[in-house]
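Enquirer: In our numbering, the protein residues as written are 48 to 367. Even for Gly, the Cβ is constructed at its ideal location relative to N, Cα and C.
#1: Going by DSSP in three states, residue 320 sits in which element: helix, strand or coil?
#2: Take every Cβ of the stretch 270–289, pair it with every Cβ of the stretch 123–133, and state whether three or more of those distances are shorter than 8 Å.
#3: Since residue 222 is in the alpha helix (DSSP H), which residue starts that stretch and which ends it?
#4: Do you know offhand how far residue 201's Cα is from residue 195's?
#5: Less than 8 Å separating the beta-carbons of residue 140 and residue 174?
#6: Check residue 254 in the structure and name its three-state DSSP category.
#7: Quick check for students: name the residue ranges of the beta strand (DSSP E) that lie wholly in the stretch 115–185, counting only runs of 3 or more.
#8: Since residue 215 and residue 239 are thought to touch, with beta carbons under 8 Å apart, how far apart are those beta carbons, to the nearest angstrom?
#9: Evaluate residue 345 with the Cβ neighbour count: other Cβ atoms within 10 Å of its Cβ, from every protein chain shown; 16 or more gives buried, anything less gives exposed.
#10: Among 109, 95, 183 and 164, which has the Cα closest to the Cα of residue 350?
#11: Quick one: using the 10 Å Cβ neighbour count with 16 as the cut-off for buried, is residue 337 buried or exposed?
#12: If you draw a straight line from the C-alpha of residue 136 to the C-alpha of residue 203, how long is it?
#13: Please report the straight-line C-alpha distance between residue 279 and residue 118, rounded to a whole angstrom.
#14: Between the C-alpha atoms of residue 212 and residue 236, what's the straight-line distance to the nearest angstrom?
#15: Taking only the alpha-carbon atoms, compute the straight-line gap between residue 308 and residue 334 and give it to the nearest angstrom.
#16: Under 6 Å Cβ to Cβ from residue 305, same chain only, skipping five residues before and after it: list those, please.
#17: Could you tell me which residues DSSP pairs with residue 295 in its beta bridges?
#18: What's the call for residue 151, buried or exposed, on a 16-neighbour Cβ count within 10 Å?
#19: Among the candidates 296, 205, 301 and 178, whose CA atom is the shortest distance from the CA of residue 225?
#20: Report the residue from 97, 299, 104 and 178 whose alpha carbon sits nearest the alpha carbon of residue 121.
#21: Within 10 angstroms of the Cβ of residue 190, are there 16 or more other Cβ atoms? Answer buried if so, exposed if not.
#22: What is the DSSP secondary structure of residue 265, counted as helix, strand or coil?
#23: State the CB to CB distance for the pair residue 234 and residue 314, rounded to an integer number of angstroms; the pair is presumed to be in contact (CB under 8 Å).
#24: Identify whether residue 66 lies in helix, strand or coil by the three-state DSSP scheme.
#25: Can you tell me where the alpha helix (DSSP H) with residue 195 in it begins and where it stops?
#26: What do you get for residue 352, buried or exposed, if any count of 16 or more other CB atoms within 10 angstroms of its CB means buried?
#27: Our contact map puts residue 169 next to residue 142 with C-beta atoms below 8 Å; I'd like the distance itself, whole angstroms only.
#28: Please state whether DSSP places residue 333 in a helix, a strand or coil.
#29: Quick one: Cα of residue 347 to Cα of residue 292, how far?
#30: Taking 8 Å as the threshold (C-beta atoms), are residue 273 and residue 146 in contact?
#31: Tell me residue 111's beta-bridge partners as DSSP assigns them.
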């Protein structure tokens, strides 16, 4: 991305290129400073300070897509990472945990793409980098509707929905309301037995090092969106689990100090059609701590069954 400012304005990064602009016949008398950024302009400028190259790579791919929602005529410009390719297996949709963003997937997403999987990363409404300037409601119903409308607008095929931590509750709430949209489910150290917001504020600030995990908190609407969710009551999905009919994979970090590992066994037992896999020497965020192991578990699970048909209208991702 190239950004230009008249001479005298401060350049954030890059080099100064004095002279006249003649491109497309435009001529100016001013000198300009032009700087190149690998990141989209809607991200907080602090993204430039991130040192983790995997995070930088993923951040550079974040796009805004307009998503219609039921409570307003306005679309919400919603942040996501689109897949590089379509595949014959069920598309993956990667959610994230409480008060986090799709940057959680900076290590695993490239590995999934190397395995040939069609992989979307999606920011849950109220967190991440979507434009919430108009302060939409960020309660459970709004998050669900936003995810459905995103799916209905851009994917329109049954997906494998991947939910880490509180993202597992997002996934369960979604699948019981829109079962036609989900082919399989993958849960990672799932937080699905808490009632309401409970002790969410005590969950670890995922990937807080290098500013990665908290980057979205620099957006001006972050506090209002998070407070709106907290006072709305949060997720209470434990009674929904038995109604989930899709095949499910339960992944658990062997040394999770946040959520009791016994709950992984309970979840696997209560899901009608689930298997469980433990990640050794791993804590609450296996997709960050052990990305190779997690990507292999996901890939094997997704590829276990047959292929799916791709609608003709989705043949070209560039048109999405």
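Expert: Quick answer:
#1: Here residue 320 refers to the residue found at position 273 of the chain shown. Note: residue 320 maps to coil in three-state DSSP.
#2: no
#3: Taking the first residue of the chain shown as position 1, residue 222 is located at position 175. Segment 213–224, the alpha helix (DSSP H) holding residue 222.
#4: For the purposes of this step, residue 201 is taken as residue 154 along the chain shown, with counting starting at 1. For the purposes of this step, residue 195 is taken as residue 148 along the chain shown, with counting starting at 1. Whole-angstrom Cα-Cα distance: 10 Å.
#5: Against the chain shown, residue 140 aligns to sequence position 93. Against the chain shown, residue 174 aligns to sequence position 127. Taking 8 Å as the Cβ cut-off, residue 140 and residue 174 do not qualify as a contacting pair.
#6: Taking the chain shown and counting its residues from 1, the one referred to as residue 254 is at position 207. Any reading at residue 254 must be qualified, since the residue scores a pLDDT of 37, below 50, and its modelled position is unreliable; no value is offered.
#7: 119–128, 139–141 and 166–169
#8: In the chain shown, counting from the first residue as 1, residue 215 sits at position 168. In the chain shown, counting from the first residue as 1, residue 239 sits at position 192. That pair is a contact at about 5 Å.
#9: On the chain shown, position 298 is the one that residue 345 refers to. So residue 345 counts as buried.
#10: What you label residue 350 is simply residue 303 of the chain shown in a count that begins at 1. Ranking 109, 95, 183 and 164 by Cα distance to residue 350 puts 164 first.
#11: The sequence position of residue 337 within the chain shown is 290, counting from 1. So residue 337 counts as buried.
#12: The residue labelled residue 136 in the question sits at position 89 within the chain shown. The residue labelled residue 203 in the question sits at position 156 within the chain shown. Computed Cα separation, rounded: 14 Å.
#13: Locating residue 279 in the chain shown gives position 232, counting from the first residue. Locating residue 118 in the chain shown gives position 71, counting from the first residue. In a straight line, the C-alpha of residue 279 is about 16 Å away from that of residue 118.
#14: Locating residue 212 in the chain shown gives position 165, where the first residue counts as 1. Locating residue 236 in the chain shown gives position 189, where the first residue counts as 1. Rounded to whole angstroms, residue 212 to residue 236 spans 5 Å at the Cα level.
#15: As a position in the chain shown, residue 308 is number 261, starting the count at 1. As a position in the chain shown, residue 334 is number 287, starting the count at 1. The alpha-carbon atoms of residue 308 and residue 334 are separated by roughly 17 Å.
#16: As a position in the chain shown, residue 305 is number 258, starting the count at 1. If we look at residue 305 and ignore the five residues flanking it on each side, its Cβ neighbours are 331.
#17: For the purposes of this step, residue 295 is taken as residue 248 along the chain shown, with counting starting at 1. According to DSSP, which records beta bridges pairwise, residue 295 is partnered with 232 and 321.
#18: Here residue 151 refers to the residue found at position 104 of the chain shown. Residue 151 should be labelled buried.
#19: Translated into positions along the chain shown, residue 225 becomes position 178. If we check each option's Cα against that of residue 225, 205 comes out closest.
#20: Residue mapping note: residue 121 aligns to position 74 of the chain shown, counting from 1. The shortest Cα separation from residue 121 among 97, 299, 104 and 178 belongs to 178.
#21: Taking the first residue of the chain shown as 1, we reach residue 190 at position 143. Counting Cβ neighbours within 10 Å, residue 190 comes out buried, since at least 16 surround it.
#22: As a first step, residue 265 is located in the chain shown; it is residue number 218 there, counting from the start. Looking at residue 265 - three-state DSSP - the assignment turns out to be helix.
#23: Here residue 234 is taken as the residue at index 187 of the chain shown, counted from 1. Here residue 314 is taken as the residue at index 267 of the chain shown, counted from 1. 7 Å between Cβ atoms; contact.
#24: Position 19 of the chain shown, counting from 1, holds the residue named residue 66. In this predicted model, residue 66 has a pLDDT of only 32, less than 50, meaning its place in the structure is not dependable; the value taken from the coordinates is given anyway. Residue state, collapsed to three classes: coil.
#25: Locating residue 195 in the chain shown gives position 148, counting from the first residue. From DSSP, the alpha helix (DSSP H) with residue 195 extends over 187–201.
#26: Position 305 of the chain shown, counted from the start, is the residue given in the question as residue 352. Per the 10 Å Cβ criterion, exposed.
#27: Taking the first residue of the chain shown as 1, we reach residue 169 at position 122. Taking the first residue of the chain shown as 1, we reach residue 142 at position 95. Yes, residue 169 and residue 142 are in contact; Cβ-Cβ is about 6 Å, under 8 Å.
#28: Sequence index remark: in the chain shown, residue 333 carries index 286 (1-based). Three-state result, residue 333: helix.
#29: The count along the chain shown starts at 1 and reaches residue 347 at position 300. The count along the chain shown starts at 1 and reaches residue 292 at position 245. When rounded, the distance between both Cα atoms is 20 Å.
#30: The residue you call residue 146 lines up with position 99 of the chain shown. The residue you call residue 273 lines up with position 226 of the chain shown. In this structure, residue 273 lies closer than 8 Å to residue 146 by Cβ.
#31: As a working mapping, residue 111 is identified with position 64 in the chain shown. 126.
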